[in-house]
Amino acid sequence: MDTFTLPSNSTSYYSTLPNVEEFRASNCLLSTIKEDVLESASLNALKWPMNAVPITVCTRKLKHLDSELSGVKAACNSLLTRMCCLIPPKQRLQEHLIFGDAQPAVVVNTSPLIVAAYAAPFDCITMLQFRQTSLFRELDLSVGTRLLTVNTYKRTNGSLDEDLEPGPEAEVDLTRRDVRGTFGGTSGHGNPLYETKDALELASNEGLRYSGVYPIIADFITEDSEALIAKKQLFQNCEWRRVLRLGLETMQRFPGMARDGRPSASDQPAQRKRIPGSGTRQTS
């Protein structure tokens, strides 16, 4: 099973997070967050101010969005996970929202509903598709509506999630022996760029800091509007416009390529395949 963690950068801002034990006690959570995972996590101080307001799960919204995490079926699954000493799905979702990496997301299509969610470590977006519910009519969504994605990231020895196309500002793991010396250019912001086709292929599979992303659109499962507004205000207009542009471009290049946006499934990448005799990758 893949393990998703928080983003990791060179400078640690772990002190800006709530104390793990206090968080568990105050929220009556029985799950166990590994301290070594959290202590190794580094958060962007601009995105995680000391007075950050936790985002909590709204049961009503979750019921509309994802039956796997609400209702009788979810209760049975929760009981089974407790019996096996695992973290119940809904509690894991709550911790995802509180300790995850908040990033901009933008609606790029309304029928079907598709959202482009940005993932900073990859400097790219993932496409999330949702089935229509009364919840979305209530939110009055349109192309360009600004949402908030909360991400966790996985680090495995496997290949990069197939629906990710790392951008020039993607975080490269320079501690890897097979990566050092491969990336020589800089973007003007101090981050490595991929200089050759071979280097890009290496980075796409093994050279990046992470290999996958687990995005969850917070607006669809919380009613903490003040917290959402506060976090969205941390991003510049140019960042929102870029996410929208990347999403619209992706829809044109790869029609139909989108993950199941439900929280119980959005960790699974959308599949693509190469068309024989063409350099274009399409959805399977």
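FYI, the numbering for the sequence shown is 1 to 284, going by full-length UniProt numbering. By construction, the Cβ of each residue, glycine as well, lies at the ideal position given by its N, Cα and C atoms.
DSSP three-state assignment for residue i, whether helix, strand or coil
{"i": "Leu147", "result": "strand"}
{"i": "Cys124", "result": "strand"}
{"i": "Thr110", "result": "strand"}
{"i": "Ile216", "result": "strand"}
{"i": "Val37", "result": "Because the pLDDT of Val37 is 33, which lies under 50, any placement of that residue in the model is unreliable, and the number read from its coordinates should be weighed accordingly. In this structure, Val37 counts as helix in the three-state DSSP scheme."}
{"i": "Arg253", "result": "helix"}
{"i": "Arg262", "result": "coil"}
{"i": "Gln91", "result": "helix"}
{"i": "Cys238", "result": "helix"}
{"i": "Ile55", "result": "coil"}
{"i": "Ser134", "result": "helix"}
{"i": "Glu165", "result": "coil"}
{"i": "Glu223", "result": "coil"}
{"i": "Leu65", "result": "helix"}
{"i": "Leu160", "result": "coil"}
{"i": "Leu139", "result": "helix"}
Bridge-paired residues (DSSP) for residue i
{"i": "Phe99", "result": "Looking at the DSSP assignment, Phe99 forms no beta bridge with any residue, so it has no partner."}
{"i": "Val115", "result": "Val107, Leu128"}
{"i": "Asp267", "result": "According to DSSP, Asp267 bridges with nothing at all."}
{"i": "Leu208", "result": "Val172"}
{"i": "Arg245", "result": "The partner list for Arg245 (beta bridge, DSSP) is empty, contrary to what the question assumes."}
Nearest residue (CA-CA) to residue i, options the options
{"i": "Tyr210", "options": "Leu160, Ile216, Leu141, Leu234", "result": "Leu160"}
{"i": "Ala170", "options": "Val213, Arg146, Lys61, Asp224", "result": "Val213"}
{"i": "Ala116", "options": "Thr250, Lys61, Arg272", "result": "Thr250"}
{"i": "Val108", "options": "Phe254, Leu246, Arg272, Arg262", "result": "Leu246"}
{"i": "Ala218", "options": "Val106, Gly261, Phe136, Val150", "result": "Val150"}
{"i": "Ser134", "options": "Cys124, Thr145, Lys61", "result": "Lys61"}
{"i": "Ala258", "options": "Trp240, Arg241, Leu164, Leu244", "result": "Leu164"}
{"i": "Arg262", "options": "Met127, Pro255, Gln103, Ile55", "result": "Met127"}
{"i": "Ala102", "options": "Thr56, Thr222, Ala119, Asp123", "result": "Ala119"}
{"i": "Pro54", "options": "Phe130, Asp224, Leu148, Ile125", "result": "Asp224"}
{"i": "Cys124", "options": "Arg137, Ser142, Ile114, Ala105", "result": "Ala105"}
{"i": "Arg146", "options": "Gln268, Trp240, Asp260", "result": "Trp240"}
{"i": "Glu138", "options": "Pro168, Leu248, His64", "result": "His64"}
{"i": "Gln129", "options": "Ile114, Ile216, Phe220", "result": "Ile114"}
{"i": "Gly167", "options": "Ile98, Thr152, Tyr153, Phe122", "result": "Phe122"}
{"i": "Leu141", "options": "Phe220, Gln233, Arg253, Thr56", "result": "Phe220"}
{"i": "Leu148", "options": "Gly100, Gln252, Glu162, Val172", "result": "Gly100"}
Residue environment, residue i, which counts as buried when at least 16 other CB atoms sit within 10 Å
{"i": "Ser111", "result": "exposed"}
{"i": "Ala265", "result": "exposed"}
{"i": "Glu95", "result": "buried"}
{"i": "Arg238", "result": "Note on residue identity: the sequence assigns Cys, not Arg, to residue 238. Cys238 comes out exposed."}
{"i": "Gln91", "result": "buried"}
{"i": "Val243", "result": "buried"}
{"i": "Gln132", "result": "exposed"}
{"i": "Gln271", "result": "exposed"}
{"i": "Thr59", "result": "exposed"}
{"i": "Gly144", "result": "exposed"}
{"i": "Ala45", "result": "With a pLDDT of 33 at Ala45, under the threshold of 50, the modelled position of that residue is not reliable, and the figure given next carries that caveat. Classification for Ala45: exposed."}
{"i": "Pro255", "result": "exposed"}
{"i": "Ile229", "result": "exposed"}
Interface flag, residue i vs chain B, CB-CB below 8 Å
{"i": "Ala265", "result": "The structure shown contains no chain B; it is built from a single protein chain."}
Near the ligand NAD: residue i beta-carbon under 7 Å from a heavy atom
{"i": "Gly261", "result": "Among the ligands in the structure shown, none appear at all, so the ligand NAD cannot be discussed."}
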